[in-house]
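> Protein chains in written order, with full-length UniProt numbering: chain A, 1 to 358; chain B, 1 to 358.
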């Protein structure tokens, strides 16, 4: 079968022929419909993130998948069920994080991530997965089901951020997303439609006209150009933020977030930068965290209940927003365009098969 | 009546004669027993923290008090009840934080702090307080009731830190206290006796023999000399910490805490440093927060329920620990020694009256 992979030593994807997977006991065979492309895929291609499966000279790409059960293989699924796979798998048998249903809390070395770390991804005509790592979604979500994984990342981050504010009465009104990539825009839409904050902001560094700025403003949020208003000046220019969601991986933002927060606010950190030394006013930031009861909460990955919540969320986001977010669905004859990274590309997916209702 | 105050322009306490307070409606008149001395009092004396009451040329010191109801003034209290006052008061009528019973969450400008910011403290023969800001404690706690306020600070910080870990199964085993002052030692004793962590550490910078190191080791905790093992090297030298409690106000510790934590750990920040610029590897710290689901939670002050919890906690701390912690109780003829800040002084209090059971 065809698969989109990155080969050892290369930094561009290739389409190669790989063996069709055979489900083991407890596993389901899934026919892949679509697989989204995101920044992590680009980091994997660049070689800055991830790890090939042991003994393999290539890695099948892709971790944002939606597919249809082709062979339920004796599990509770039925042929034709529309499913989304979670990403982490136990590397050497189970461990306590997987036992608890919280693989997202496993430390490095205690998980593989399909399409990223040590395990093949979903960009192939078929994939297999233990039934417990699949989440069934409504058939009508098949076309955009590849958005459920990124939405689940935000479900988890918000769950943890909100938990950090659960020891007191917290009535957040203002929220800022740092970053206007697809994850930032999905999160902004959640802030407006499913959480909903009264006032929302999205921080980017793009000139108008720009399709992401249009989306931000169509959502009713305020676009902030960080070249004019640095993140730590948000309170002076707009207002202190009850919640800041960092989705840039730009490390200075993590620390500027402390100043961007309103008293009792929380910053959810999602980006994954590499080492970078710089100067901060650490005394003032420390004091600000303490005297105003602020918190920073890092969050990575997500688990089954976050995928289930994400499916509900996807169902309540407006169609016009989703239409403008997804800028391209590309078949295997045209997959290069799914990996384009220009100012008109927001969210793309590679299509392996069209969904046909049975 | 006699009061221990700091006068405008001075940096040492004085004993002066001030008018005896008269309780207003809803207020109780309390005869002061003992008032503890802590680092905040020293910062107030140095002038780096706090603010005089409007129009006053002195500030009555002290915020860690225990007393006996002298005149219940029509409230639900009875003469002879042993009480501890909370610290924050609404500055201009109530505000929503006080309405909710959470004055500790009020931002700057929306609170006074008795003995610190804008309101007289408790270091006088009598004080008044609205009944709602008093917490009744068992009579047998009268001698050490001045420890309830500092314990309440930790009750709140731990409540918030633990809340931040409530979105997943968290089973903390290791905890480190940064700082071997009286708050650090009280917290360490709580980690050992009331929470209890399996392995506890306390980080200081003292040479042996030292009474705080003796207390640490008598509690069964490990003393770590930060001159030999910097905070960010705790995982390499000992283990990653599920919880770090920062009680030094040394700003670099707030950021080193991120590296000191085990995966999924939380750092509770308590210290209040001033501005201080320094370099950090912000990229690595940001990445570490995200990839290992870590959190930093700032915490200041405490409210009534934390004082109630602190009274329970005080009742379960071992007597020998409390005996070694409290190094001096000094009357008004000897108050200077309560403010001594040498390596043999750990926790002191000024005594205004001896407790007599009625």
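Virtual Cβ for every residue (Gly too), placed ideally from N, Cα, C. None of the values given here were measured: they were computed from a predicted structure.
Can you tell me whether residue 237 (chain B) is buried or exposed, with buried defined as 16 or more other CB within 10 angstroms of its CB?
As a working note, residue 237 (chain B) is residue 237 in the second chain. Counting Cβ neighbours within 10 Å, residue 237 (chain B) comes out exposed, since fewer than 16 surround it.
> What ranges does the beta strand (DSSP E) occupy inside the segment 123-178 of chain B, keeping only unbroken runs of at least 3 residues that lie completely in it?
Here the runs fully enclosed are 126-130, 134-136, 174-178.
> Please state the DSSP three-state secondary structure of residue 325 (chain A).
As a working mapping, residue 325 (chain A) is identified with position 325 in the first chain. In the structure shown, residue 325 (chain A) sits in a helix (DSSP, three-state: H, G or I).
> Is it buried or exposed, residue 405 (chain A), if we count other Cβ atoms within 10 angstroms and call 16 or more buried?
Residue numbering for chain A in the displayed model covers 1 to 358; residue 405 (chain A) lies beyond these limits and cannot be assessed.
> Taking residue 335 (chain A) as the query, report the chain B residues whose CB atoms sit under 9 Å from its CB, ordered along the chain.
The residue labelled residue 335 (chain A) in the question sits at position 335 within the first chain. The premise fails here: residue 335 (chain A) is roughly 29 Å from chain B at the closest Cβ pair, so nothing lies under 9 Å.
> Please work out which residues of its chain come closer than 6 Å, Cβ to Cβ, to residue 95 (chain B), disregarding the five sequence neighbours upstream and downstream, and give them in chain order.
Counting from one through the second chain, the residue named residue 95 (chain B) turns up at place 95. Within the same chain, residue 95 (chain B) has close Cβ partners 110.
> Using a cut-off of 8 Å between C-beta atoms, extract the partners of residue 281 (chain A) located in chain B.
By 1-based counting over the first chain, the position of residue 281 (chain A) is 281. Simply 275, 276, 277.
> Look up residue 218 (chain B) in the DSSP assignment and say whether it is helix, strand or coil.
Your numbering for residue 218 (chain B) matches position 218 in the second chain. In this structure, residue 218 (chain B) counts as helix in the three-state DSSP scheme.
> Pick out the complete alpha helix (DSSP H) segments inside the segment 252-283 of chain B, 4 residues or longer, and give them in chain order.
Runs found: none.
> Any idea if residue 208 (chain B) is buried or exposed, counting beta-carbon neighbours within 10 angstroms, 16 or more meaning buried?
Stepping through the second chain from its first residue, residue 208 (chain B) is reached at position 208. Looking at its Cβ environment, which holds fewer than 16 other Cβ atoms inside 10 Å, residue 208 (chain B) is exposed.
> Smallest Cα separation from residue 40 (chain B): which of B:329, B:336, B:355, B:301?
Sequence index remark: in the second chain, residue 40 (chain B) carries index 40 (1-based). Residue B:301 is the option with its Cα nearest to residue 40 (chain B).
> Under 8 Å, with one C-beta from each stretch per pair, do the segment 101-109 of chain B and the segment 81-90 of chain B reach the 3-pair mark?
Yes, the segment 101-109 of chain B touches the segment 81-90 of chain B.
> Three or more C-beta pairs under 8 Å: does that hold for the segment 147-161 of chain A against the segment 111-120 of chain A?
The segment 147-161 of chain A vs the segment 111-120 of chain A: no contact.
> If you measure from the beta carbon of residue 167 (chain B) to each beta carbon in chain A, is any gap under 8 Å?
To locate residue 167 (chain B), count along the second chain from 1; it is residue 167. Yes, residue 167 (chain B) lies at the interface with chain A (some Cβ there is under 8 Å from its Cβ).
> Do residue 267 (chain A) and residue 257 (chain A) have their CB atoms nearer than 8 Å?
Within the first chain, the letter at position 267 stands for residue 267 (chain A). Within the first chain, the letter at position 257 stands for residue 257 (chain A). Yes, Cβ-Cβ distance for residue 267 (chain A) and residue 257 (chain A) is below 8 Å.
> Suppose the cutoff is 8 Å on Cβ atoms and the five residues either side in sequence are ignored; what does the same chain contact list for residue 341 (chain A) look like?
Taking the first residue of the first chain as position 1, residue 341 (chain A) is located at position 341. Hits under 8 Å: 42.
> First and last residue of the alpha helix (DSSP H) that includes residue 187 (chain B)?
Walking along the second chain from the start, residue 187 (chain B) turns up at place 187. Residue 187 (chain B) -> alpha helix (DSSP H) spans 182-193.
> Is it right to say residue 92 (chain B) is buried, meaning 16 or more other beta carbons lie within 10 angstroms of its own, or is it exposed?
Residue 92 (chain B) sits at position 92 when you count from the first residue of the second chain. By the 10 Å Cβ count, residue 92 (chain B) comes out exposed.
> List the residues that DSSP assigns as beta-bridge partners of residue 14 (chain A).
As a working note, residue 14 (chain A) is residue 14 in the first chain. Looking at the DSSP assignment, residue 14 (chain A) forms a beta bridge with A:5.
> Would you be able to state if there are at least three C-beta pairs under 8 Å between the segment 337-354 of chain A and the segment 23-36 of chain A?
They touch, by the three-pair rule.
> Could one say the Cβ of residue 306 (chain A) lies closer than 8 Å to chain B's Cβ atoms, at least one of them?
Taking the first chain and counting its residues from 1, one reaches residue 306 (chain A) at position 306. No - not a single Cβ of chain B is within 8 Å of the one on residue 306 (chain A).
> Three or more beta-carbon pairs under 8 Å between the segment 61-81 of chain A and the segment 8-26 of chain A, yes or no?
Touching, yes.
> Work out the CA separation of residue 28 (chain A) and residue 14 (chain A) for me, nearest whole Å.
As a first step, residue 14 (chain A) must be located in the first chain, where it is residue number 14. As a first step, residue 28 (chain A) must be located in the first chain, where it is residue number 28. Their backbone Cα atoms lie some 26 Å apart in a straight line.
> Mapping the DSSP letters down to three states, classify residue 243 (chain A) as helix, strand or coil.
Here residue 243 (chain A) corresponds to residue number 243 of the first chain, with the count starting at 1. In this structure, residue 243 (chain A) counts as strand in the three-state DSSP scheme.
> Note down, in chain order, each residue of its chain lying with its Cβ closer than 8 Å to the Cβ of residue 44 (chain B), except the 5 sequence neighbours on either side.
By 1-based counting over the second chain, the position of residue 44 (chain B) is 44. Only 6, 50, 59, 61, 115, 116 meet the Cβ criterion.
> On a CA-only basis, which of B:98, B:67, B:175 is nearest residue 138 (chain B)? Give me that one, please.
The sequence position of residue 138 (chain B) within the second chain is 138, counting from 1. When each option's Cα is compared against that of residue 138 (chain B), the closest is B:67.
> When the Cα atoms are used, what is the spatial distance from residue 155 (chain A) to residue 338 (chain B)?
Within the first chain, the letter at position 155 stands for residue 155 (chain A). Within the second chain, the letter at position 338 stands for residue 338 (chain B). Cα to Cα, residue 155 (chain A) sits roughly 52 Å from residue 338 (chain B).
> Which residues in chain B have a C-beta closer than 9 Å to the C-beta of residue 180 (chain A)? List them in chain order.
Working through the first chain from its first residue, we reach residue 180 (chain A) at position 180. The contacting residues do not exist; residue 180 (chain A) stays about 19 Å from chain B at best.
> Taking Cβ to Cβ, would you say residue 185 (chain A) is nearer than 8 Å to residue 229 (chain A)?
Taking the first chain and counting its residues from 1, the one referred to as residue 185 (chain A) is at position 185. Taking the first chain and counting its residues from 1, the one referred to as residue 229 (chain A) is at position 229. Not in contact: residue 185 (chain A) and residue 229 (chain A) (Cβ atoms no closer than 8 Å).
> Can you give the Cα-Cα distance for residue 306 (chain B) and residue 129 (chain A), rounded to whole angstroms?
Within the second chain, residue 306 (chain B) is the residue found at index 306, counting from 1. Within the first chain, residue 129 (chain A) is the residue found at index 129, counting from 1. Approximately 48 Å between the Cα atoms of the pair.
> Residues in its own chain within less than 8 Å of residue 285 (chain B) by CB, not counting five upstream and five downstream?
For this step, residue 285 (chain B) is matched to residue 285 along the second chain. These residues qualify, in order along the chain: 255, 258, 259.
> How far does the beta strand (DSSP E) with residue 58 (chain B) in it reach, from first residue to last?
Looking up residue 58 (chain B) in the second chain gives position 58. 58-60 is the span of the beta strand (DSSP E), which, as asked, contains residue 58 (chain B).
> Using the Cα positions of residue 3 (chain A) and residue 276 (chain A), report the straight-line distance between them to the nearest angstrom.
By 1-based counting over the first chain, the position of residue 3 (chain A) is 3. By 1-based counting over the first chain, the position of residue 276 (chain A) is 276. Residue 3 (chain A) and residue 276 (chain A): Cα-Cα distance of roughly 36 Å.
> Who are the neighbours of residue 263 (chain A) on chain B, taking C-beta pairs under 7 Å?
Numbered from its first residue, the first chain carries residue 263 (chain A) at position 263. Going along chain B in sequence order, the residues near residue 263 (chain A) (Cβ under 7 Å) are 107.
> Report the residues of the segment 131-165 of chain B with a CB closer than 7 Å to any CB of chain A, ordered along the chain.
Within the segment 131-165 of chain B, the residues whose Cβ lies closer than 7 Å to some Cβ of chain A are 159, 160, 163, 164, listed in chain order.
> Report the option in A:176, A:134, A:303 whose CA atom is closest to the CA atom of residue 239 (chain A).
Walking along the first chain from the start, residue 239 (chain A) turns up at place 239. When only C-alpha atoms are compared, the closest one is A:176.
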